[in-house]
Structure formats: structure tokens, C-alpha cells
Amino acid sequence: MATDPASSLALPPAPPPAPPPARGASPLAWLAVTAAVVGLGFLLRGLVIPIALAALLAYFLNPLAARIQSLGIRRTVAVSALFAGIGLIVVLLATVVAPRFRAEGAALISNLPSLARTLEIGIDGLQTELARAYPQTQRFLPKEARHEGWLFEFIEERLGDASELLAHFGLIAFIVALTPIFAFFFLRDGGAIVNYLIDRLRPAHIETTVAVWCEIDRIIGRYLRGLALDALVIGALTTVGLWLVGAPYPWLLGAFTTLVNPLPYLGTILSVGVAAIVSIANGQPLGQIGWIVAVYVVIRVLDDLVVAAVTIGGSVHMHPMLVLVSILVGEQTLGLLGMVAAVPVVTVVKETARLLLEHRRNLARPHVPTAGRAGRIPQYVC
Amino acid sequence: MLERLPGWLNWARDTEHVRRVGILSRTPVFAGLPRRLLTRLAVQLFEKAYAPGEVVFSEGDPGKGLFVVLDGEVEVVRDTGQGPQRIVTFGPGTAFGELALIDDLPRSASALATMPTRLLILYRTHFEDLVAGDRTIGLVVAKNLLRLLAGYVRAANVPRAKTEAAVASAPAADASTPPAAR
Chain A
144 MATDPASSLA LPPAPPPAPP PARGASPLAW LAVTAAVVGL GFLLRGLVIP
194 IALAALLAYF LNPLAARIQS LGIRRTVAVS ALFAGIGLIV VLLATVVAPR
244 FRAEGAALIS NLPSLARTLE IGIDGLQTEL ARAYPQTQRF LPKEARHEGW
294 LFEFIEERLG DASELLAHFG LIAFIVALTP IFAFFFLRDG GAIVNYLIDR
344 LRPAHIETTV AVWCEIDRII GRYLRGLALD ALVIGALTTV GLWLVGAPYP
394 WLLGAFTTLV NPLPYLGTIL SVGVAAIVSI ANGQPLGQIG WIVAVYVVIR
444 VLDDLVVAAV TIGGSVHMHP MLVLVSILVG EQTLGLLGMV AAVPVVTVVK
494 ETARLLLEHR RNLARPHVPT AGRAGRIPQY VC
Chain B
56 MLERLPGWLN WARDTEHVRR VGILSRTPVF AGLPRRLLTR LAVQLFEKAY
106 APGEVVFSEG DPGKGLFVVL DGEVEVVRDT GQGPQRIVTF GPGTAFGELA
156 LIDDLPRSAS ALATMPTRLL ILYRTHFEDL VAGDRTIGLV VAKNLLRLLA
206 GYVRAANVPR AKTEAAVASA PAADASTPPA AR
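Same order as they appear, the protein sequences are chains A and B. The opening residue of the first sequence carries number 144 in the numbering used here; numbering runs sequentially from there. The opening residue of the second sequence carries number 56 in the numbering used here; numbering runs sequentially from there.
Have a look at this one:
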């Protein structure tokens, strides 16, 4: 137990502490471990995608696993229970939601030629009108008349043919099967690995090093989990809203909104644009399109004022120019996926750099020793 | 909590977690916290082993977390200008560095392990997350911290009062001497 602080002044000066024995791993060992990890990564490069997805999934699920574990349950049992629960939800969703997606997807594929034809007629008519009203725009428009079905051919070309999709199906199935398995082990053993690494760190700097990591983890974790939750809520609200106003393909459009919602500014424009185009191609009246736009406006306002404030909070900010540049770079690198991932990735990098710089500044602050203050020696306080 | 469940569920019970909760419940900073909150607190703790003589933190380091002694012993020392002076020693079940849960200021003393020691570390960020999730934690811990601080202030004032009493009874010329010069 702690000795009485009041008696501490009577204690003789303690001898200077003996130098601690070297317990941490040497730099050479760290180098060897890093080289081994890089080598292993190269050998297993085919597994990079499922491992990365599994790590992300484990990161998202960690607070839930910790909550279950806090009931006094062993980590393995807590993670197993969590995965069983998630499996149940997936089965439920597959039973309830998947048929609707399948039905809408099948309808969209079978209607695609006629939808494309409707759009084609609209675009060609618009071009003719434009060329008649403003002849100077003719040099920006196609010179030759396009043949019937050009838009459908263009879409098919962009999507790729069926055999290519089938070739990708094997890879997708491989990723879908491996990701939960890796995620299970990451989630189960992640805490133990972190504790092991902490135990290897040099004791003198452990407090500040891990504290900085905790702060980064808190801000980034809150942001990423909030972003995912926000996208899911907004996608669900969009599905309900579009279904209420009788828009076509509400489930597919809701899913598309979920996917592009993390894109600041562009996400809403893309969602409204795609919904309006699909609605026009389906031959819906202009009033209906007005309702669809209204649904998106209301959800956008709700997102900004309530949903995002609750899920993400106001701790992470990015300059609009940085947002646009990161989206453009993401698009150039990985297409639509790159656009969606760009802002979260840049935010994570920016926040990490900010916190590390802040930490450096704090360390550079001059320290005033307490013992020198006018002879008033406070008792033990740290 | 799981400790109330029947014996056949023993295989699912995390005995180390239950032990940690027990230690936390006996720690003055967390005294009075309901068990359900202590269990949430316990999963947020990092564990680290220290060899004899290893520094836990040094005077002047930014204070970031609270330490709970699981096993072993930790000595807190302060550099008085004439060498390090031992202030207090902590054994199993005690906590130190609690002021780091309140402010960002540097550590006012150094702590080092005097024997093979295992410590649990609670970082301020995790503590703040818990407080944000349940205000009861904040209220109870704040009350306990105030109690501890009051104890420190009283302990610090006893020798000061004695000194002042001695000064008051001394000749007038001595009383005019500034305290720092005495």
C-alpha cells in the first residue's frame, strides 16, 4: 500500500536509481522483424485486399467486442458471440432485403436497353435543339449522327462483358470468404498484439507514445465509424424517402447513396443526378423528379444538422480545396472507389500529422521544477 | 455480470478481467463506482511489466495517464536540487499519477519500479470517452480526486502551519524574512 504522504519529508534522500537493464528489442531485431513482415507481405500479396478489409472490419467492430468483453466474458467468447450476431443479421438481411435488390437489379438489367433508348432520344433531341438555338456550340457536339443504341453500347462497354464479370466473381467470392475469417482473428488477438508491442516499447517513453496513439485512434476511429454509420443512416433514409414518393429503384438508389455519401459535396450531386436520370429514363413526369430532388434536399439538411453531428461530430475538418484535390487524385488512382476512399484517407493522414506535431510542441514546452517554488514542497502529486 | 451466472458457464468467464475489476474497486480514485462501470473501465486498461529500476515516468514528462499497481512496487521521487528525494511508495492495488486525468501539465515527480512490477495504465483519452458515455463515472471519480487533493493540501499545510507558528513565536526581525529565505 502507499505510505503516508505526510511522513515523506522525514525520509532520507533515496539513492539514485540504478540504470535499468536493457529489456527492449535491439534496433537490429526490429529491422529483421520489419524485413520479415515486408517479405511475407510480398509473398502473400494476393491476400492484401482481404487482409486490409479484415483489419478495417475488426477496427470497426472493436468497440462492440470490448463492450461484450466488459461483461467479464473471455475475448474469444465475446468475439465469437459478436460474429454469431452479425451472421444472424446478415442472414436476416439476405432474407428480407436481398430479394428486393435482386428484383430491382433484374428489372434494371432487363429495362436497360429501353431506358438507354429513352435517354438517347432525350440527349439527341437536346443536342439538336442546342445546335439550332446556339450554332456556335456545334463545334463541341459530335459531327456525325450517331446510330440507334449508341448509349446502350457505351454502357455495356463501360461495365464489361459477362465473361469478365464471371472471371471477377471468383476473386470476389475469395475475398468475401476470407475477410470474415481474418477479421475474427484480428479482433480476437488484436488487443493481445497491442499489449505485446507496448510491453516491447522502452518504458521511459511508454506513457507519451501510447497516449499519442490513443488520441489518434480516438479521433480517427470516431471519424471512420461515424462516416460509415452516417452513410448507412442516410442510405436507409433515402430508400424510405424515394419509396414514399414512388421513385423507381428505391433500394438500388439508396445503396448508391450509401456508397457515395462519404464524398463531400459531390456525394449529394451524384446521388440526385443518378436518381433524376433514372427517373427521366423511366418516363416519370417532371413533378415526380421535383419530389425526388426534394427528398434529397430534406435528407441533406437532416444529415448536416442532425445525423452527421451525432455520428461524426465536429472534430475533423478539411479545407474544401483539399477535399476536391483528394477526390480528383482518388479518381485518377482507383476510379469511383478511389473517390470514395480519398477523403477518409486524407483526413486520417492529416489528423495523424496534426496530433504528432501537437505532441512535439507539447514536449518542447519548458518545464518548471516544482521543488524550486518558494520552498513550498507539495506532497506526492503527479 | 457474468460472475453471477451458474458454474457451468465458468469456461466463458475472464478471470483476469474479474481480478482487475476487483483491484479497481479497491483503488481510491475509483471507489464507489458501480461494478458495471468498473467492468467497462477495466477493458480499457493497458498492461505493462517493468524491471527493477525502470522508469515509469520522469519529472517534467507530459502526464497522460493513471497507473494502477497490479504486482510489485513503485517509488515516486522528486529532484530537490540535493539529489532525488523519495516521496511515497506504492504497492499492489494502489494508483498513482491521477492528476493526468485532470490536466495536461508535466509530471511533478518521477516514478520508478523498485522490483519486478506490473502496472495497468488508463489513458486520459479512454477515461474521457468513458465519462462521455456515462456521466456517473466523471462525477464519482471527480469526487474521489477532490478527496485525494484535499488530503494532499492538508498534508502540505501541516508542516507549513508548524513553521508559521514557529515564526510567529520568534523575534520580530526573523518574521520579516521572506519564506523562501528561511
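All C-beta atoms in this analysis are idealised placements derived from N, C-alpha and C, irrespective of residue type, glycine included. What you are looking at is a predicted structure, and each value in this text was computed from that prediction instead of being measured.
Using a Cβ cut-off of 9 Å (strictly closer), state whether B/Pro61 contacts chain A.
no
State the start and end residues of the unbroken alpha helix (DSSP H) segment that holds A/Gln270.
241 to 276
Give the range of the alpha helix (DSSP H) segment to which B/Leu177 is assigned.
Not the alpha helix (DSSP H): B/Leu177 falls in the beta strand (DSSP E), residues 172 to 178.
Under 8 Å between beta-carbons, which chain A residues line up against B/Arg68? List them in chain order, please.
Gly215, Ile216, Arg217
Check whether the stretch 376 to 389 of chain A touches the stretch 198 to 206 of chain A, taking contact to mean three or more Cβ pairs, one atom from each stretch, closer than 8 Å.
no
At 4 residues or longer, what runs of the alpha helix (DSSP H) sit wholly inside the stretch 421 to 465 of chain A?
429 to 445, 451 to 454
Once DSSP output is grouped into helix, strand and coil, what is the label at B/Glu109?
coil
Amino acids of chain B, ordered along the chain, whose beta-carbon sits closer than 9 Å to that of A/Thr351:
Phe112, Asp116, Pro117, Lys119
Sequence-distant residues of the same chain with beta carbon closer than 6 Å to A/Thr261, five excluded per side
Ala424
Assigned secondary structure, A/Pro393 (DSSP; H/G/I helix, E/B strand, else coil):
helix
Counting only runs of 4+ residues fully inside the stretch 322 to 397 of chain A, write out the alpha helix (DSSP H) ranges in chain order.
349 to 387
Count the other C-beta atoms from every protein chain shown that fall within 10 angstroms of the C-beta of A/Met482, then say buried if there are 16 or more, exposed otherwise.
buried
Can the beta-carbon of A/Val489 be found closer than 9 Å to that of A/Ser469?
yes
Answer yes if the stretch 334 to 345 of chain A comes into contact with the stretch 162 to 171 of chain B, meaning at least three C-beta pairs across the two stretches below 8 Å, and no otherwise.
no
Is there a Cβ of chain A sitting closer than 9 Å to that of B/Lys103, yes or no?
yes
Tell me whether the beta-carbon of B/Ala104 lies closer than 9 Å to the beta-carbon of B/Leu174.
yes
The alpha helix (DSSP H) with B/Thr70 in it runs from where to where?
70 to 81
Within the same chain, show all residues whose beta-carbon is closer than 7 Å to that of B/Val143, passing over the 5 residues directly before and after it, in chain order.
Val131
Please tell me whether B/Ile78 has its Cβ less than 9 Å away from any Cβ of chain A.
no
Candidates A/Ala326, A/Val453, A/Gly215: closest to A/Ile192 by CA position:
A/Ala326
In this structure, does DSSP put B/Arg86 in helix, strand or coil?
The residue you asked about is not Arg; residue 86 of chain B is Ala in the sequence shown. Three-state DSSP puts B/Ala86 in coil, outside helix and strand.
Can you pull the chain A residues whose beta carbon is under 8 Å from the beta carbon of B/Arg81, in chain order?
Neighbours of B/Arg81 on chain A: none; closest Cβ ~10 Å, over 8 Å.
Within the continuous beta strand (DSSP E) that includes B/Arg122, where are the two ends?
What sits at residue 122 of chain B in the sequence shown is Phe, not Arg. Looking at the DSSP string, the run of the beta strand (DSSP E) that includes B/Phe122 is 120 to 126.
Cβ of B/Thr191 less than 9 Å from any chain A Cβ?
no
Give the single residue among A/Ile432, A/Val491, A/Trp386, A/Leu370 whose Cα lies nearest to the Cα of A/Gly410.
A/Leu370
Pick helix, strand or coil for B/Thr144, following the three-state DSSP scheme.
strand
Any chance the CB of A/Ala208 is under 8 Å from a heavy atom of the ligand NAD?
The ligand NAD is absent from the structure shown, which contains no ligands of any kind.
Whose Cβ in chain B lies nearer than 8 Å to the Cβ of A/Arg368?
What A/Arg368 touches in chain B: nothing, since even the nearest Cβ is about 12 Å away.
How many angstroms separate the CA atom of A/Pro463 from the CA atom of A/Ile349?
37 Å
Quick one: is A/Thr238 buried, meaning 16 or more other Cβ sit within 10 Å of its Cβ, or exposed?
exposed
How about B/Asp126: is its C-beta nearer than 9 Å to some C-beta of chain A?
no
I need the DSSP call for A/Ala507, collapsed to helix, strand or coil.
helix
Would you verify that the beta carbon of A/Pro242 is, or is not, closer than 9 Å to some beta carbon of chain B?
no
For A/Gly364, which option in A/Ala246, A/Pro170, A/Ala201 has the closest C-alpha, if you only look at C-alpha atoms?
A/Ala201
Rounded to a whole number of angstroms, what is the C-alpha to C-alpha distance between A/Pro391 and B/Tyr178?
51 Å
DSSP three-state assignment for B/Asp184, whether helix, strand or coil:
helix
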